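What follows is a short report on a single structure.
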Amino acid sequence: MAVKTTAVAQKVDVAKQFKYAEEQTSYMLDALKTADTSNGLVSPRTFEDGKLKLVNSKDWTSGFFPGILWYLYDYTHDEKWLKQAQLFTAKITNEQYNKTTHDLGFMIYCSFGNGYRLTKDERYKKVIIQAARSLSTRFNEKAGVIRSWDHNKDKWKYPVIIDNMMNLELLFKATELTGDSSFYKIAVSHADQTMINHFRPDYSSYHVVDYDPETGKVIQKNTAQGYSAESAWARGQAWGLYGYTMCYRETGDKKYLVQAQNIAKFIFNNPTLPKDLIPYWDYNDPAIPNAPRDVSAAAIMASALYELSTYSTGNDYKEKADVILANLSNHYKAPLNTNGEFILLHSTGHKPAKSEIDVPLTYADYYYLEALLRSRKFANAE
Ligand code: GLY
């Protein structure tokens, strides 16, 4: 796989990257006009084996493309993007009632959450609150955590994955919108239990922790998407970094800040992290350096690091995020009108399942645009 590595951060020209993102996403919208959307397919997820792959609204990634459209509107204030964002957001409205997955945070917060932030549309607010209610039904008092998956019942009794940290933002927002603290309490309990049970002494995290829902005790710790039970799956570490940074923002509880800082320490002290700070898909894959990268993990890390950098002094998180963003922009971006019209190359979705290896992924693009927007705030401050 030909990826360049460089530690040199050039200043990212945010305007230029958004201009590119607008053009590339316009090509995506054209592609979607002619794509087969029978079977309720609504949102692009990846481009694999020469084919654009769309998902239905139930898929965990269905909210990212609407989120990308909201970020384009956020940056440009162009009505064209507002219309498209509203259109694609509307397609996943029914998921607010979905009680079969923990992924409602991803699906509803990236779409309706951004939509509400930018438009204050009361209908969006209602969807966010209903989605938080649906997500809350998956909370188990005994274990103090939200159940992630309902599948593979023969393997896990009550699986919780590190990714689930990302879904807590929806709950924090629902408490802010309603004054009902029950959402907040569930989020805090989940974050606390995850801190106790998901992390190793070096602050790397397990992917899956399985609980006994009757006793609340941990039964086993392993992985689904990582190299092995004891390995550090790159995107999982990025979800943890982002999740605890967000928990600190929402609660002001210092322990979450320290947790995020310790996760950052694990990532950046890891000897397998390449100089360009775009991680291999799993920090413990013995095939490194001949292993695929995961650009999605890098994009999530960059976005999280910009926020984390604002919560303490004397850190170099912003500089690290700048390096990641510059390298993504200069070395991992697809030429216009290629890559199935996705923005970034070289992500890894599910390597153990031999699925989505070295491909574009919609969530890599989403967090890349989010990181660009966050980086702009620093540029404006300067
Ligand atoms: N949340 C699923 C993933 O990160 O692949």
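Mind the numbering: the sequence shown is residues -1 to 380 in the numbering used here, read in order. C-beta atoms are modelled at their ideal positions from N, C-alpha and C, and glycine is treated no differently. Please read all numbers here as calculations on a predicted model, not as lab measurements.
For residue 52, DSSP records a beta bridge to 42. Burial check for residue 331: the Cβ neighbour count within 10 Å reaches 16 or more, so the residue is buried. Annotated as distal: residue 310 and residue 359, with beta-carbon spacing of 8 Å or more. With a threshold of 16 other beta carbon atoms within 10 Å, residue 36 falls short and is exposed. Here residue 138 is not near residue 131, since their CB atoms are 8 Å or more apart. For residue 233, the Cβ falls inside the 7 Å cut-off from some heavy atom of ligand 1. Of the candidates 186, 282, 256, 282 places its Cα closest to the Cα of residue 268.
Distances from the CA of residue 73 to each of 102, 119, 14 were compared; the closest alpha carbon is that of 14.
Taking 7 Å as the cut-off, one finds no heavy atom of ligand 1 near enough to the beta carbon of residue 279. Using a C-beta cut-off of 8 Å, the region 210 to 226 makes no contact with the region 236 to 247, since fewer than three inter-stretch Cβ pairs fall below that distance.
Note on residue 367: 16 or more other CB atoms within 10 angstroms of its CB, so buried under the neighbour-count rule. Ligand 1 approaches residue 161 closely enough that one of its heavy atoms is under 7 Å from the residue's Cβ. Membership of residue 114 in the alpha helix (DSSP H) is indicated by the continuous run 112 to 117. The beta carbon of residue 313 sits closer than 7 Å to those of 307, all from its chain and outside the five residues before and after it, given in chain order.
Assignment of residue 282 by DSSP, reduced to helix, strand and coil, places it in the coil class.
When DSSP reads this structure, residue 209 sits in a beta bridge with 216.
Annotation: residue 188 is outside any beta strand (DSSP E); the continuous alpha helix (DSSP H) that includes it extends over 180 to 195. Remark: the shortest separation between the CB of residue 22 and any heavy atom of ligand 1 does not fall under 7 Å.
Distances taken from the Cβ of residue 223 to the heavy atoms of ligand 1 include one shorter than 7 Å. Taking all protein chains in view, the Cβ of residue 343 is crowded by 16 or more other Cβ atoms within 10 Å, so the residue is classified as buried. Residue 142 has its Cβ no nearer than 7 Å to any heavy atom of ligand 1.
Checking the 7 Å criterion, the Cβ of residue 147 is out of range of every heavy atom belonging to ligand 1. Following the DSSP letters along the chain, one finds residue 159 inside the beta strand (DSSP E) bounded by residues 157 to 159. In the displayed model, residue 275 falls within coil according to three-state DSSP, outside both helix and strand. Per the Cβ contact rule, the region 109 to 129 is not in contact with the region 139 to 158 (fewer than 3 Cβ pairs under 8 Å). Counting along the chain, no alpha helix (DSSP H) covers residue 353; the unbroken beta strand (DSSP E) around it starts and ends at 353 to 357. Beta bridge pairing from DSSP links residue 346 with 355. Counting only residues of its own chain and dropping the five nearest sequence neighbours on each side, residue 180 has a CB closer than 8 Å to the CB of 134, 173. DSSP lists 342 as the bridge partner or partners of residue 331. Distance from the CA of residue 34 to the CA of residue 65, rounded to the nearest whole angstrom, comes to 22 Å. Exclusion of residue 68 from the 7 Å shell around ligand 1 follows from its C-beta lying no nearer than that to any non-hydrogen atom of the ligand. The C-beta distance from residue 296 to residue 275 rounds to 7 Å, short enough to fall under 8 Å.
Counting other Cβ atoms within 10 Å of its Cβ, residue 165 reaches 16 or more and is therefore classed as buried. Residue 348 is positioned such that its CB atom lies no closer than 8 Å to that of residue 235. If the five residues before and after residue 26 are omitted, its C-beta is found closer than 7 Å to the C-beta atoms of 42, 339, all from its own chain and listed in chain order. In the three-state reduction of the DSSP assignment, residue 10 falls in the coil class, being assigned neither a helical nor a strand state.
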